[in-house]
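Chains as they are written, first to last, in the working numbering: chain F, 4 to 420; chain Z, 4 to 420. A virtual CB, placed ideally from N, CA and C, is assigned to each residue, including glycine. Read the structure below first, then the notes.
There are 2 protein chains.
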Amino acid sequence: MTRTAEIVAVGSELLTPEKTDTNSLWLTEKLNEAGVEVMLKTIVGDDEARLEETIRDAVKRSDIVITTGGLGPTEDDVTRQVSGRAVGRELVYHEELEAHLRERFRSWGREMPEINKRQAYIIAGAEILPNPNGSAVGMLLELPGKLLVVLPGPPRELMPMYENFVAAKVRALAGDIHVRRRMLRVSGMGESAVDEAIAPIYRAYPHVQTSILFSKSEIEVHLTAKSESEDEAARVLDELAEKIRDTLGLAVFAMNGETLEEVVGRMLSESGETLASAESCTGGLVGMRLTEVPGSSAYFLEGAVTYSNEAKMRTLGVPETTLAEHGAVSAETAEAMASGIRERAGADYGIAVTGIAGPGGGSAEKPVGTVFIGYSDKSQTRSMRFNFPGDRFLIRWRSSQAALDYLRRRMLKAKAV
Amino acid sequence: MTRTAEIVAVGSELLTPEKTDTNSLWLTEKLNEAGVEVMLKTIVGDDEARLEETIRDAVKRSDIVITTGGLGPTEDDVTRQVSGRAVGRELVYHEELEAHLRERFRSWGREMPEINKRQAYIIAGAEILPNPNGSAVGMLLELPGKLLVVLPGPPRELMPMYENFVAAKVRALAGDIHVRRRMLRVSGMGESAVDEAIAPIYRAYPHVQTSILFSKSEIEVHLTAKSESEDEAARVLDELAEKIRDTLGLAVFAMNGETLEEVVGRMLSESGETLASAESCTGGLVGMRLTEVPGSSAYFLEGAVTYSNEAKMRTLGVPETTLAEHGAVSAETAEAMASGIRERAGADYGIAVTGIAGPGGGSAEKPVGTVFIGYSDKSQTRSMRFNFPGDRFLIRWRSSQAALDYLRRRMLKAKAV
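Structure follows, in structure tokens:
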């Protein structure tokens, strides 16, 4: 039997247009890993009546209820008393908790404000969950076949508390279910094309939950296997992942959720080769992504952001005639940029981007979204034209993705020879 | 009397670790603008019992209830019948809706699948909200002093539907309340320092809601004024914003939510001056941010990502002795990089970043997070040292912020002379 959970996030700031609850994403992952399904999430402010009704309904409907936030020392922090009321329990004062709090404040060189005394009250019968990273302890109340868990809001307090004191209880309640997750990343194909190609494969694995998500410029294939045997879950997942890769081929660039810049970086590290980049419309985004990987200084030598034609000529040696005859956004310029930066930096590979990110600058022949990617290695220089939909942000992001992916595919081909 | 609202997002995919409801942020902004306060948000899957209880409780407790999603044609799309049930109303078949749907499918060159017939059923007594961007119409049910609004999930269907058919009804229910919002951005100060400095000011404006948010490398000061007079709300907001700027001084870089790259870009556009950048540890992030602004090609001439020492010497003319004596991460190198790129590009301003983003590369003297920003104009070259906390991502982001902010402050000083 699959156990069910609900998550209640408490805090007025989570009901503004600027912020929302994100703790529940992390908690959902942990609960799913234990084989528990999250059925409902609520975000509520410091409204006592609504919070009480929410917790009472959740405990009635679901096996595990986790609240986050609202455990601070101020009047607005109502989760402590309201969660007690929702399950018909008093709050009990714990002298040793107050003493501990006073000592902590003293170790910070301060006296404990009297208001913090409220944090020494605990739901009767609940286990106290220590908080090494803050003043609010958590609470765990075991009810017949159910768990009510009350956690603080800050992620760095909530996460270790869950891992250290809650995870084992959840696992005990959920029973011997093992869940393994895996994420493949796919580039150069659309969401529906991926689904069409792999649906016949994953449908043959009804015990693996497969979800296909589109994110900016790539497709994520999430696989989740549940089994009573840990080995079996891992085996089924590996088998399905391999079959998907065999079907999609080169389009699968990551078998374990790695980013494209990590994959390219690993290929370069392994071969001991080096790279340089030349960018126009992406303005540094390709270099930024490549250098987001720790240790990238071992293979990334230099990047040029040549926004003006003068810079393209001066720094990359793009011939004036190329710019005049074909324009700055052209296959010829992209190739000259790629070979130019490769030679300048003395790198094994050069990659270049030139295009029209908009909103201005488009024409009938080269509308906004027209992008050329240039590639150069010791034996060849090539380019590819793309037409990206979207706004300036998305066109730039997709251009950087196309540049890294084109590099990856050309490197694989060069190595396959 | 302030009207209250609840938002219910429907969809199993919103209960996964990868995705959450974001429609509610946009809806909250719209509701707040009309003077309506959002009291609770629920995210629920295709679980009929939980969804029915959620909608019934929400309608009981709050003046406005908006559901999003779950209006598609499949069995999993349960919002239509469940929301009817929750308010005790039947669904009524609308022949003209089916005819309209059939016609639409025909215009796409397809026959309407029989399953889509379900989208022609509407809660008895509800107003039909047309959907030019999809097949699911919305519904608006007026109950005594209350509104139940049922909207489709995709943002490009939901947003125009709300603007065109819901906003006016919400405003009519909320009464003549005018809400004005304004956001100031502050750089170079911490959250609590900002709060300490401006709390005495904003406390004198109890009718303006002030919230201070920290985001990666800057502080956002959100001001929301509610008034029965539109002019009064705007006047109060302007007055408070001016007082905050007078107190915080140069640290306030935006009075209307502009990004730092937009502010720097506007300064350069207005003066007709040009800029070039040289980056080491940020790897292109400064160039990327500067060129995110449409029209930046008018003032941004060139960027150099000089990751290796060779590139720093070759492209920027940093003397080998400077690198040998002071190291790549030093005030001297940052200054040589800034003046080097300025001269190379023939720009009015040069800005440079060199530092240790980690996780490796730190030392006792220059730990991870040590960053030097270099600045150069026609009359002077200077630098500043920073020690940023955080991981590689945050150190790089904060370095780019420091570079843009140092440029902004130096430009302001140069112009003030």
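- For the 8 angstroms CB-CB criterion, Z/Glu-130 and Z/Met-115 do not form a contact.
- Taking 8 angstroms as the cut-off, the beta carbon of Z/Gly-377 is found no closer than this to the beta carbon of Z/Ile-398.
- Within the stretch 229-311 of chain Z, the runs of alpha helix (DSSP H) that reach at least 4 residues and sit entirely inside it are, in chain order, 233-251, 263-274 and 288-293.
- The Cβ atoms of F/Ser-65 and Z/Thr-19 do not sit closer than 8 angstroms to each other.
- Classified as buried, Z/Pro-155 has 16 or more neighbouring CB atoms from the shown chains inside 10 Å of its CB.
- Beyond the five residues adjoining it in sequence on each side, F/Arg-159 comes within less than 6 angstroms, by CB distance, of Asn-136 in the same chain, given in chain order.
- For Z/Leu-278 against Z/Leu-251, the beta-carbon gap comes to about 26 angstroms, at or over 8 angstroms, which does not count as contact.
- Note on Z/Leu-240: 16 or more other CB atoms within 10 angstroms of its CB, so buried under the neighbour-count rule.
- With respect to Z/Asp-380, Z/Leu-263 sits apart: the two C-beta atoms are not nearer than 8 angstroms.
- Residue-level contact check: F/Ser-272 does not touch chain Z, since none of the beta carbons of chain Z fall below 8 angstroms from its beta carbon.
- Counting only Cβ-Cβ distances below 7 angstroms, Z/Asn-35 has contacts in chain F at Pro-20, in chain order.
- About 44 angstroms separates the Cβ atoms of Z/Val-197 and Z/Leu-146, ruling out a contact at the 8 angstroms cut-off.
- Unbroken alpha helix (DSSP H) runs of no fewer than 4 residues, entirely contained in the stretch 95-167 of chain F, are found at 98-110 and 158-164, following chain order.
- Taken through DSSP and simplified to helix, strand or coil, F/Met-387 comes out as strand.
- Bridge partners of Z/Gln-212 according to DSSP: Z/Thr-227.
- Look at the stretch 174-192 of chain F: it has no residue with a C-beta under 7 angstroms from a C-beta of chain Z.
- For F/Met-42, there is no enclosing alpha helix (DSSP H); the residue is part of the beta strand (DSSP E) that begins and ends at 40-47.
- Around the beta carbon of Z/Ala-123, 16 or more other beta carbons sit within 10 angstroms, so the residue counts as buried.
- Taking C-alpha positions only, Z/Ala-281 is separated from F/Glu-221 by approximately 30 angstroms.
- In terms of beta-carbon proximity, Z/Thr-31 lines the interface with chain F, with at least one pair separated by less than 8 angstroms.
- Along the stretch 297-319 of chain Z, going in chain order, the ones with a CB nearer than 8 angstroms to a CB of chain F are Pro-297, Gly-298, Ser-299, Ser-300, Phe-303, Leu-304, Glu-305, Gly-306, Ala-307, Val-308, Thr-309, Tyr-310, Ser-311, Glu-313, Ala-314, Arg-317 and Thr-318.
- Taking a Cβ-Cβ cut-off of 8 angstroms, the neighbours of Z/Asp-50 in chain F comprise Met-42 and Leu-43, given in sequence order.
- Sequence-ordered contacts of the stretch 354-373 of chain F with chain Z read Ala-360, Gly-361, Pro-362, Gly-363 and Gly-364 [C-beta pairs closer than 9 angstroms].
- In this structure, Z/Met-316 is the residue among Z/Thr-325, Z/Gly-365, Z/Met-316 and Z/Lys-229 with its C-alpha nearest to the C-alpha of F/Arg-347.
- Looking from the CA of Z/Lys-416, the closest CA among Z/Arg-385, Z/Val-152 and Z/Val-11 belongs to Z/Arg-385.
- Non-local beta-carbon contacts of F/Arg-92 in its own chain, meaning distances under 6 angstroms to residues more than five positions away in sequence, involve Ile-126 and Ala-127 in chain order.
- Excluding residues up to 5 positions away in sequence, Tyr-378 lie with their Cβ nearer than 6 angstroms to the Cβ of Z/Arg-413 in the same chain.
- Taking C-beta atoms under 8 angstroms as the contact rule, F/Glu-40 and F/Ala-12 fail to qualify, at a distance of about 18 angstroms.
- Residue-level contact check: F/Ile-69 does not touch chain Z, since none of the beta carbons of chain Z fall below 8 angstroms from its beta carbon.
- Contact annotation, F/Thr-318 with F/Ala-307: C-beta distance approximately 5 angstroms; criterion of less than 8 angstroms satisfied.
- Using beta-carbon distances, Z/Glu-56 counts as an interface residue toward chain F, with a partner under 8 angstroms.
- Interface criterion met: the Cβ of Z/Ile-46 is under 8 angstroms from a Cβ in chain F.
- Taking 8 angstroms as the threshold, the shortest C-beta distance from F/Ser-214 to chain Z falls below it.
- Considering only F/Met-340, F/Gly-260 and F/Thr-309, the residue with the shortest C-alpha distance to F/Val-189 is F/Gly-260.
- A Cβ of chain Z is located within less than 8 angstroms of the beta carbon of F/Thr-23.
- Residues of the same chain with a CB within less than 6 angstroms of the CB of F/Tyr-205, apart from the 5 flanking positions on each side, are Thr-213 in chain order.
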